[in-house]
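Asker: Sharing a structure below in structure tokens format, with a few things to ask.
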Amino acid sequence: MDPKLSQPYVDKDEHRTVPDRDNKVSVDVRYVHGGFKDTNSKFSFYFPEKYQGRFFEFTYPTVSVEDAQPQNVVFAALNNAYVVSTNNDGGLPGAGELGGYRTDAASAKFSRVVAAQVYADSSRPRGYIYGPSGGAYQTIGAMENTDGVWDGGVPIVPGTPNSIPSNMTSELLALRVLRDQLPRIADAMEPGGSGDPYAGLNADQRAALREVTRLGFPLRGWWDCAGLDGGAFFQVGGGVRAVDATYADDFWSKPGYAGSDPSVRAARVQADATVSAVVGSPASGLTLAQVPAGDLTYADLIVTSGAAAGKTLSILSAKGNDVTFVRGSDNAVTAEIRPGDHVRLDNSWTVALEYYPRYQLPSPDMYGWNQYRDASGKPLYPQRPTLAGTIFTKATAGSISTGKFHGKMIILGSVLDAEAYGWSADWYRERVQADRGSKTSDNYRIWYMDNAGHTGPPTTASLDHLVSYGGELNQALLDLDAWVTDGTPPPASTDYHIDADTQVQLARTATQRHGIQPLVTLNVTKLGDKGITPAVTANAAQGQQVTLTAHAQAPSGVGKITKVEWDFDSTGNFSETSKVDKPAGDLTVTTTHTFTKPGTYFAVTRVTAQRNGDQNTPYTLIQNLARVRIVVK
17 MDPKLSQPYV
27 DKDEHRTVPD
37 RDNKVSVDVR
47 YVHGGFKDTN
57 SKFSFYFPEK
67 YQGRFFEFTY
77 PTVSVEDAQP
87 QNVVFAALNN
97 AYVVSTNNDG
107 GLPGAGELGG
117 YRTDAASAKF
127 SRVVAAQVYA
137 DSSRPRGYIY
147 GPSGGAYQTI
157 GAMENTDGVW
167 DGGVPIVPGT
177 PNSIPSNMTS
187 ELLALRVLRD
197 QLPRIADAME
207 PGGSGDPYAG
217 LNADQRAALR
227 EVTRLGFPLR
237 GWWDCAGLDG
247 GAFFQVGGGV
257 RAVDATYADD
267 FWSKPGYAGS
277 DPSVRAARVQ
287 ADATVSAVVG
297 SPASGLTLAQ
307 VPAGDLTYAD
317 LIVTSGAAAG
327 KTLSILSAKG
337 NDVTFVRGSD
347 NAVTAEIRPG
357 DHVRLDNSWT
367 VALEYYPRYQ
377 LPSPDMYGWN
387 QYRDASGKPL
397 YPQRPTLAGT
407 IFTKATAGSI
417 STGKFHGKMI
427 ILGSVLDAEA
437 YGWSADWYRE
447 RVQADRGSKT
457 SDNYRIWYMD
467 NAGHTGPPTT
477 ASLDHLVSYG
487 GELNQALLDL
497 DAWVTDGTPP
507 PASTDYHIDA
517 DTQVQLARTA
527 TQRHGIQPLV
537 TLNVTKLGDK
547 GITPAVTANA
557 AQGQQVTLTA
567 HAQAPSGVGK
577 ITKVEWDFDS
587 TGNFSETSKV
597 DKPAGDLTVT
607 TTHTFTKPGT
617 YFAVTRVTAQ
627 RNGDQNTPYT
637 LIQNLARVRI
647 VVK
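Note that the sequence shown covers residues 17 to 649 in the numbering used here.
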């Protein structure tokens with residue numbers, strides 16, 4: 017029993033209808049709410065009428081409310097499981113020692129007491145915890161630091177213990193140094209592209225691209241170069257200053273740091289400006305009389321006169337003479353700023369942090385950082401007195417992961433993860449392998465999804481590059497329970513390797529790849545061509561019909577193709593569907609399309625597989641996609 021979470025209470029017990037509006041499904045549940053005396057820890061339980069002795073528990077470290085996401089409740093209820101949801105004792109950054117996994121664990125344990133009363137069933141419910149990103153840290157921490165609370169877990173897109181803030185800051189480095197080249201780099205990695213993202217880069221640009229690639233940023237991930245912004249950098253940048261307060265001064269003044277490089281010094285902006293106008297109420301930004309040249313993304317705006325003198329705000333972007341603050345800026349500070357006030361713009365900390373991974377070397381098993389070591393393994397650069405990543409990870413998860421977990425685990429990684437980086441899941445696999453050896457597969461699986469990112473596709477346009485891992489998560493939870501309940505082993509781990517540039521490379525065929533994602537290929541030929549090998553790129557005349565052939569195959573025994581969709585102009589709107597009369601594990605579909613206007617098009621096919629070939633369920637849908645380039649003249 018957790019000594020600080022030993023006195024649970026219930027203050028609500030009522031019936032509710034919970035809707036999943038996206039999928040137009042709702043469920044009726046018995047809702048029980050409460051918490052733990054003398055703490056800020058609270059929970060919500062959702063009990064469906066039909067029940068098969070199990071519960072699912074989602075976790076994420078910044079969640080500060082205990083009510084669950086509706087789609088999580090509906091999925092669980094439709095699969096006869098109840099839901100446990102907590103507020104992580106208020107969530108980061110305010111949560112203390114109870115926010116990592118302890119509130120989750122105490123709530124899960126108490127839920128069994130309540131479930132026994134709700135269902136008049138004293139048998140122990142099986143429990144499964146899951147979460148993405150920071151929730152993956154929590155899931156792993158929960159499974160490593162408790163025994164008998166959960167029977168299994170699904171960490172999704174985890175980072176390594178040193179990923180924060182290095183992954184975010186390295187992305188900012190690439191965005192600054194390569195900004196004008198990123199569209200060309202993205203095109204090189206597209207179907208029909210050159211395949212050489214380094215072509216045409218100068219020495220500094222090549223070095224920056226190689227550095228961030230070897231840390232793990234996926235080369236194909238630059239398709240979203242216009243939308244990338246360092247991920248959650250603005251949420252953790254201040255934390256770095258707190259734990260390593262002298263870093264920026266050392267970076268710009270001491271030998272061995274990149275701050276002595278002329279090209280880096282040229283990127284530093286330190287300039288004074290005058291406020292012409294305050295934008296928004298509360299203020300979301302300022303119009304300045306003059307804005308210096310240079311990259312001001314996440315730069316400091318220090319107020320040097322007026323009522324707000326001495327206060328600092330963070331700039332999200334600068335355009336013309338307008339600067340926009342990062343969301344969540346202190347309204348009390350912005351309210352004090354007036355036209356005529358003086359400010360100082362300074363990006364010293366941001367530029368310095370872009371190179372932070374060089375001075376934050378973890379143990380060599382986190383191999384993305386080994387590019388910063390010489391042949392004997394010694395650091396090439398000065399090292400900071402503390403590893404910020406381990407501090408942030410421990411605050412999130414309650415501990416640093418070791419690979420020694422209790423229960424069973426299916427870990428989900430994404431090949432196009434531009435935030436946690438795909439190899440991080442492999443790092444944890446190595447820790448598990450070191451602990452369990454030949455018995456690893458008895459309790460552990462790792463599934464990678466191609467064309468999936470750190471989150472679900474954030475915009476309609478991104479649907480042409482990314483698929484959701486939500487259906488994979490649904491299936492993993494059900495497979496995990498079958499594994500625990502009757503020993504049915506889940507599908508085999510994905511077959512992959514990590515190449516010399518720290519990129520995740522999946523096996524080329526569905527038979528070799530394993531996991532549960534279907535593999536899809538797409539080829540194009542002009543209608544009527546004879547003897548031409550189908551290809552991933554083709555030229556066509558305006559008004560000429562082209563033929564597109566998709567071949568989809570699910571790994572043996574893990575699902576059937578239920579849907580094939582088409583987007584011919586790369587907008588993310590899959591407006592046409594090829595009818596699938598009989599779902600099958602191996603399916604080839606051909607369609608034709610006429611492009612009426614000149615231009616370069618990326619036609620996309622998206623396929624969906626489901627374990628039992630169910631074409632009606634909104635859940636457990638596993639997707640993949642493929643693209644081809646068509647140049648119309």
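By construction, the Cβ of each residue, glycine as well, lies at the ideal position given by its N, Cα and C atoms.
None of the values given here were measured: they were computed from a predicted structure.
Can the beta-carbon of Ala566 be found less than 8 Å from the beta-carbon of Gly601?
Answerer: For the purposes of this step, residue 566 is taken as the residue at position 550 of the sequence shown. For the purposes of this step, residue 601 is taken as the residue at position 585 of the sequence shown. Result no, Cβ atoms of Ala566 and Gly601 do not sit closer than 8 Å.
Asker: So the candidates are Asp36, Gly50 and Gly51; which of them puts its Cα closest to the Cα of Asp44?
Answerer: Position 28 of the sequence shown, counted from the first residue, corresponds to residue 44. Considering only alpha carbons, the answer is Asp36.
Asker: Just verifying my parser: in three-state terms, what is the DSSP assignment at Arg230?
Answerer: Translated into positions along the sequence shown, residue 230 becomes position 214. Helix, per DSSP.
Asker: By the three-class DSSP mapping on this structure, what secondary structure does Thr409 have?
Answerer: The count along the sequence shown starts at 1 and reaches residue 409 at position 393. Reduced to three states, the DSSP call for Thr409 is helix.
Asker: Leaving out five residues before and five after Phe71 in sequence, what residues of the same chain have Cβ atoms less than 7 Å from its Cβ?
Answerer: Numbered from its first residue, the sequence shown carries residue 71 at position 55. Closer than 7 Å at the Cβ level, and outside the excluded window around Phe71, lie Ala97, Tyr98, Val99, Val100, Ser127, Pro141 and Gly143.
Asker: Quick check on Asp597: buried or exposed, where buried means 16 or more other Cβ atoms within 10 Å of its Cβ?
Answerer: Here residue 597 refers to the residue found at position 581 of the sequence shown. The residue in question, Asp597, is exposed, as its Cβ has fewer than 16 Cβ neighbours within 10 Å.
Asker: Please list, in chain order, all residues of the same chain as Leu403 whose beta carbon is under 7 Å from its beta carbon, the five residues on each side excluded.
Answerer: Numbered from its first residue, the sequence shown carries residue 403 at position 387. Within the same chain, Leu403 has close Cβ partners Asn178, Gln376 and Pro378.
Asker: Cα-Cα, which of Leu217, Thr525 and Asp502 is closest to Tyr512?
Answerer: Mapped onto the sequence shown, residue 512 falls at position 496. Considering only alpha carbons, the answer is Thr525.
Asker: If the criterion is Cβ atoms closer than 8 Å, does the pair Gly51 and Phe63 meet it?
Answerer: What you label residue 51 is simply residue 35 of the sequence shown in a count that begins at 1. What you label residue 63 is simply residue 47 of the sequence shown in a count that begins at 1. Not in contact: Gly51 and Phe63 (Cβ atoms no closer than 8 Å).
Asker: Between which residues of its own chain and Ala131 is the CB-CB distance below 6 Å, once the five residues before and five after are set aside?
Answerer: Translated into the one-based positions of the sequence shown, residue 131 becomes position 115. Only residues of its own chain outside the window of five on either side were considered, and among them Pro141 have a CB closer than 6 Å to the CB of Ala131, listed in chain order.
Asker: Where does Pro278 land, buried or exposed, given buried means 16+ other C-beta within 10 angstroms?
Answerer: Counting from 1 along the sequence shown, the entry for residue 278 is found at position 262. Result: exposed.
Asker: What residue range does the alpha helix (DSSP H) around Gly157 cover?
Answerer: Here residue 157 refers to the residue found at position 141 of the sequence shown. Its alpha helix (DSSP H) spans residues Gly150 to Asn161.
Asker: In whole angstroms, what separates the C-alpha of Val540 from that of Arg622?
Answerer: The sequence position of residue 540 within the sequence shown is 524, counting from 1. The sequence position of residue 622 within the sequence shown is 606, counting from 1. Cα to Cα, the separation comes out at about 15 Å.
Asker: One question on the structure: do Val81 and Phe61 come within less than 8 Å of each other, judged by their Cβ atoms?
Answerer: Position 65 of the sequence shown, counting from 1, holds the residue named residue 81. Position 45 of the sequence shown, counting from 1, holds the residue named residue 61. Cβ distance not < 8 Å, so Val81 and Phe61 don't count as in contact.
Asker: Going by C-alpha to C-alpha distance, which of Thr155, Pro534 and Tyr444 sits closest to Glu488?
Answerer: Along the sequence shown, read from residue 1 onward, the residue named residue 488 stands at position 472. Per the Cα distances, Pro534.
Asker: Nearest by alpha-carbon distance to Ser269: which of Gly419, Pro86, Pro550 and Ala368 is it?
Answerer: On the sequence shown, position 253 is the one that residue 269 refers to. It is Ala368.
Asker: Exposed or buried, which one is Gly13 when buried takes at least 16 other CB atoms within 10 Å?
Answerer: Residue 13 falls outside the range modelled here, since the chain spans only 17 to 649, and no answer is possible.
Asker: For Pro398, which of helix, strand or coil comes out of DSSP?
Answerer: Translated into the one-based positions of the sequence shown, residue 398 becomes position 382. Reduced to three states, the DSSP call for Pro398 is coil.
Asker: Quick check on Asn88: does DSSP put it in helix, strand or coil?
Answerer: Within the sequence shown, numbered from 1, the residue matching residue 88 stands at position 72. Asn88: helix per DSSP, three-state reduction.
Asker: Terminal residues of the continuous alpha helix (DSSP H) containing Ala526?
Answerer: The residue you call residue 526 lines up with position 510 of the sequence shown. Segment Ala526 to Arg529, the alpha helix (DSSP H) holding Ala526.
Asker: Whose CA, out of Pro213, Pro308 and Leu603, lies closest to the CA of Lys579?
Answerer: For the purposes of this step, residue 579 is identified with residue 563 of the sequence shown, where counting begins at 1. Cα-wise, what sits closest to Lys579 is Leu603.
Asker: Do you know whose CA, among Met205, Gln251, Gly246 and Lys125, lies nearest Ser22's CA?
Answerer: Residue 22 sits at position 6 when you count from the first residue of the sequence shown. Of Met205, Gln251, Gly246 and Lys125, the smallest CA-CA separation from Ser22 is found for Lys125.
Asker: Could you tell me which residues DSSP puts in a beta bridge with Thr593?
Answerer: If you number the sequence shown from 1, residue 593 lands on position 577. DSSP, once it has assigned bridges, lists Glu581 as partnering Thr593.
Asker: Would the region 142-161 and the region 347-356 be scored as touching if the rule is three or more Cβ pairs under 8 Å?
Answerer: By the criterion of at least three beta-carbon pairs nearer than 8 Å, the region 142-161 is not in contact with the region 347-356.
Asker: Which partner residues of Gln639 appear in the DSSP bridge assignment?
Answerer: Here residue 639 refers to the residue found at position 623 of the sequence shown. In DSSP, Gln639 forms a bridge with Thr624.
Asker: Check each candidate in Tyr117, Lys66, Val79 and Gly110 and name the one with the smallest Cα separation from Asn95.
Answerer: By 1-based counting over the sequence shown, the position of residue 95 is 79. The option with the nearest alpha carbon to Asn95 is Lys66.
Asker: Please say whether Thr78 and Gly107 have beta carbons closer to each other than 8 Å?
Answerer: In the sequence shown, residue 107 corresponds to position 91, counting from 1. In the sequence shown, residue 78 corresponds to position 62, counting from 1. Yes, these two residues count as a Cβ contact at 8 Å.
Asker: Suppose the cutoff is 6 Å on Cβ atoms and the five residues either side in sequence are ignored; what does the same chain contact list for Ser42 look like?
Answerer: Against the sequence shown, residue 42 aligns to sequence position 26. Taken in chain order, the residues that qualify are Thr33 and Pro35.
Asker: Let's see if you can read the secondary structure: which residues bound the beta strand (DSSP E) around Arg46?
Answerer: As a position in the sequence shown, residue 46 is number 30, starting the count at 1. Val41 to Phe52 is the extent of the beta strand (DSSP E) around Arg46.
Asker: Below 8 Å on the Cβ atoms is my guess for Gly469 versus Asp433; work out the distance and round it to an integer in Å.
Answerer: Taking the sequence shown and counting its residues from 1, the one referred to as residue 469 is at position 453. Taking the sequence shown and counting its residues from 1, the one referred to as residue 433 is at position 417. 6 Å between Cβ atoms; contact.
Asker: What does a CB cutoff of less than 8 Å around Ala92 pick up in its chain, not counting 5 residues either side in sequence?
Answerer: The sequence position of residue 92 within the sequence shown is 76, counting from 1. These residues qualify, in order along the chain: Tyr62, Pro64, Phe71, Phe72, Tyr98 and Val99.
Asker: Taking the alpha-carbon positions, what's the Cys241 to Ser392 distance?
Answerer: Taking the first residue of the sequence shown as 1, we reach residue 241 at position 225. Taking the first residue of the sequence shown as 1, we reach residue 392 at position 376. Distance between the alpha carbons of Cys241 and Ser392 is about 36 Å.
Asker: Compare the Cα-Cα distances from Gln558 to each of Gln521, Thr587 and Gly615 and report the closest residue.
Answerer: Sequence index remark: in the sequence shown, residue 558 carries index 542 (1-based). Here the closest residue by C-alpha is Gly615.
Asker: For Tyr98, does the three-state DSSP call read helix, strand or coil?
Answerer: Taking the first residue of the sequence shown as 1, we reach residue 98 at position 82. Residue state, collapsed to three classes: strand.
Asker: Helix or strand or just coil, what does DSSP make of Met465?
Answerer: Reading the sequence shown from its first residue, position 449 is the one you call residue 465. Strand at Met465.
Asker: Name the DSSP bridge partner or partners of Lys424?
Answerer: If you number the sequence shown from 1, residue 424 lands on position 408. Answer by DSSP bridge pairing, in chain order: Gly168.
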